[in-house]
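Trainee: Protein sequences, first through last, are from chains G and V.
Just so we're aligned: the first sequence equals residues 78 to 448 in our numbering.
Just so we're aligned: the second sequence equals residues 292 to 336 in our numbering.
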Amino acid sequence: LFFLRKLHTTTKQAGASINGGGSSSDSKGNPFLVPGATVATILMLGALHARRMYSDKKIVEARESGIELEIQPDVKAKFLSMLPLRSISRFWGSVSSTELPVWLRPYAHRAWARAFHSNLEEAALPLDQYASLKDFFVRTLKEGSRPIDSDPRSLISPVDGTVIRVGELKEGVLIEQVKGFSYSVSSLLGAGSFLPLMAASDIQEDISCQENNLRDESRKSWWRISLASPKLRESSSSRPMKGLFYCVIYLRPGDYHRIHSPVDWNVLLRRHFSGRLYPVNERATRTIKNLYVENERVVLEGRWQEGYIAMAAIGATNIGSIELFIEPALKTNQPRKKLLQSEAPEERVYEPEGTGVMLKKGDEVAVFNMG
Amino acid sequence: STVVLVFQAPALKKQEDEASSSEFKFCVERGDKIRMGEALGRWHD
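(1) Answer yes or no: do R335(G) and L377(G) have a C-beta to C-beta separation smaller than 8 Å?
(2) Along the segment 228 to 247 of chain G, what residues have a CB closer than 9 Å to any CB found in chain V?
(3) Please confirm if D226(G) has its CB atom under 8 Å from at least one CB of chain V.
(4) Assign R425(G) to one of two classes, buried (16 or more other C-beta atoms within 10 Å of its C-beta) or exposed (fewer than that).
(5) Quick one, which residues of the segment 351 to 383 of chain G are near chain V if we go by CB-CB under 8 Å, in chain order?
(6) For V152(G), count neighbouring Cβ atoms within 10 angstroms of its own Cβ and tell me buried if that reaches 16, exposed if not.
(7) For E199(G), collect the residues of the same chain with a Cβ closer than 8 Å to its Cβ; drop the 5 residues on either side in sequence, then sort them by chain order.
(8) Quick check on H337(G) - is its C-beta less than 8 Å from some C-beta in chain V?
(9) With a cut-off of 8 Å, does the C-beta of G113(G) fall near any C-beta of chain V?
(10) Please work out which residues of its chain come closer than 6 Å, Cβ to Cβ, to V449(G), disregarding the five sequence neighbours upstream and downstream, and give them in chain order.
(11) Within 10 angstroms of the Cβ of I233(G), are there 16 or more other Cβ atoms? Answer buried if so, exposed if not.
(12) In terms of residue numbering, what span does the alpha helix (DSSP H) encompassing L330(V) cover?
(13) Identify every residue that forms a DSSP beta bridge with E373(G).
(14) Output the distance between the C-alpha atoms of M327(V) and E400(G), rounded to the nearest integer angstrom.
(15) In angstroms with no decimal places, state the Cα-to-Cα distance between K438(G) and L122(G).
(16) Go through its chain and collect everything with a Cβ distance to F322(G)'s Cβ below 6 Å, but skip five positions before and after it.
(17) Starting from A389(G), find everything on chain V with Cβ-Cβ shorter than 9 Å and list it in chain order.
(18) How many Å lie between E176(G) and L197(G) at the Cα?
(19) Using a Cβ-based criterion (distance less than 7 Å to any ligand heavy atom), does D226(G) qualify as near the ligand GDP?
(20) Helix, strand or coil for F213(G)? Go by DSSP, reduced to three states.
(21) In angstroms, rounded to a whole number, what distance separates the CA positions of L125(G) and C318(V)?
(22) By Cβ distance below 8 Å, which residues in the same chain neighbour N395(G) in space, the five residues on each side in sequence not counted?
(23) Should P339(G) be labelled buried (16 or more other beta-carbon atoms within 10 Å of its own) or exposed?
(24) Quick one: list the residues of chain V neighbouring A434(G), beta-carbon separation under 9 Å, in chain order.
(25) Within this structure, are the beta carbons of L204(G) and R182(G) separated by less than 8 Å?
(26) Evaluate R363(G) with the Cβ neighbour count: other Cβ atoms within 10 Å of its Cβ, from every protein chain shown; 16 or more gives buried, anything less gives exposed.
(27) Taking 8 Å as the CB-CB cut-off, is A393(G) touching chain V?
(28) Determine whether the Cβ of R425(G) lies closer than 8 Å to any Cβ atom of chain V.
(29) State the Cα-Cα distance for the pair G238(G) and K324(V), rounded to the nearest angstrom.
(30) Which residues in chain V have a C-beta closer than 7 Å to the C-beta of L450(G)? List them in chain order.
(31) With distances taken Cα to Cα, identify the nearest neighbour of S264(G) among V344(G), F193(G), H349(G) and R187(G).
(32) Please identify the residue among L162(G), E441(G), M130(G) and P178(G) whose C-alpha is closest to the C-alpha of R353(G).
(33) Would you mind reading off the limits of the beta strand (DSSP E) that contains S270(G)?
(34) Less than 8 Å between the beta carbons of L251(G) and V262(G), yes or no?
(35) Taking DSSP's pairing of strands, which residues face K316(V) in a bridge?
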């Protein structure tokens, strides 16, 4: 804005000097004189962008040729951990929420859309009605832009994005971040997650019939039970059982950033982890271990017709805060008051207990905000 | 930003077979672009 205002002023001054018949070649009032520092900054940003594009292209080529990405911690990742990412994120939030002049809004929003491949035709409002970049970023879409799959036996995508991982959780209850490195689901969702309890309860019924000494250990995880009683687990695995599946979806900056309900379900609990705010792009997944477990996130847990369901919305540096429509009072990406990271997540059980908040397939649940 | 979904869905495991013959099937693969409302997966009786 500063640059644009300055350019606007210098253009006006130039116009005045031309009209006044001034033919001085002095730098004062020259409309084409852009400060050297600005040019240098633009060139540097251009070079960094070109380098990043080249790096992304190499990654795509490597993936197409069947090469799996592996974890490669580097100096940049270590440097990132030293940066005040939360402050940077909050600063970016305040910059992006600056109200733009009406004449500038279409240009600014089109520039963003062009840079990050957003489809402007889907935006619900004309571009000049989004007062800031932040407002534009969380735009709603025109009616019918995202038809909901009507099959009652389908689970829909809650967001627009790119599928990073899909699969079934096996014995380890781990999700692979990149080749050779996985993170634990219970670390992602929280140690007090319903996940092991609900998975274990079915198994525990069988166990309790055969081994009474396991009956009291109601909070044992699936993993511990599988280690403690492999024979029992084999017998239970001979009958149909419900599997645990997972899906990881990455949202690019240009994507529609509202989160919807993937099925009809009851949200029983919300858990907020005030972690770090690392970027979550592809490079970060290769260089930062436990990226999703480290970052600030909001986890919703509940039940649907087939059993357990949980949805974790993970923030990043540029998109640090998560707004829940079912709990507008929840504030995320808050300034840190303590120097040490608090490990315990903040939890809320939704009322009435056992029923919680009912959501229908396709209902809006949350939105990722800039900063 | 990223969204992770973890859910139970109908699955069938056979003792003699290591691989589970799941009744729930994903409609998407790694690297696919997906839009909100499109099916991630379906299940059958």
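Backbone N, C-alpha and C define an ideal beta-carbon position, used for all residues, glycine too.
Mentor: A quick look at the data gives this:
(1) no
(2) D228, R230, S231, L232, I233, S234, P235, V236, D237, G238, T239, V240, I241, R242, V243, G244, E245, L246 and K247
(3) yes
(4) exposed
(5) V357, Y369, W381 and E383
(6) exposed
(7) L218, K219, S222 and Y333
(8) yes
(9) no
(10) One cannot answer for residue 449(G) here, as it falls past the ends of chain G, which runs 78 to 448.
(11) buried
(12) Just to set this straight, residue 330(V) is Ala in the shown sequence, not Leu. Boundaries around A330(V) are those of the beta strand (DSSP E), A330 to W334, since no alpha helix (DSSP H) includes it.
(13) Paired residues: none, contrary to the question.
(14) 18 Å
(15) 42 Å
(16) Hits under 6 Å: E245.
(17) T293, V294, V295, L296 and V297
(18) 20 Å
(19) The ligand GDP is not among the ligands present in this structure, which contains no ligands whatsoever.
(20) helix
(21) 37 Å
(22) S166, W169, P330, P356, M447 and G448
(23) buried
(24) Looking at the sequence shown, residue 434(G) is not Ala but Val. Going along chain V, no residue has its Cβ under 9 Å from V434(G), so there is no contact; the nearest lies around 17 Å.
(25) yes
(26) buried
(27) yes
(28) no
(29) 6 Å
(30) For residue 450(G) there is no data in the structure shown, the boundaries of chain G being 78 and 448.
(31) H349(G)
(32) L162(G)
(33) Careful: S270(G) lies outside any beta strand (DSSP E) and carries neither H nor E.
(34) yes
(35) R333(V)
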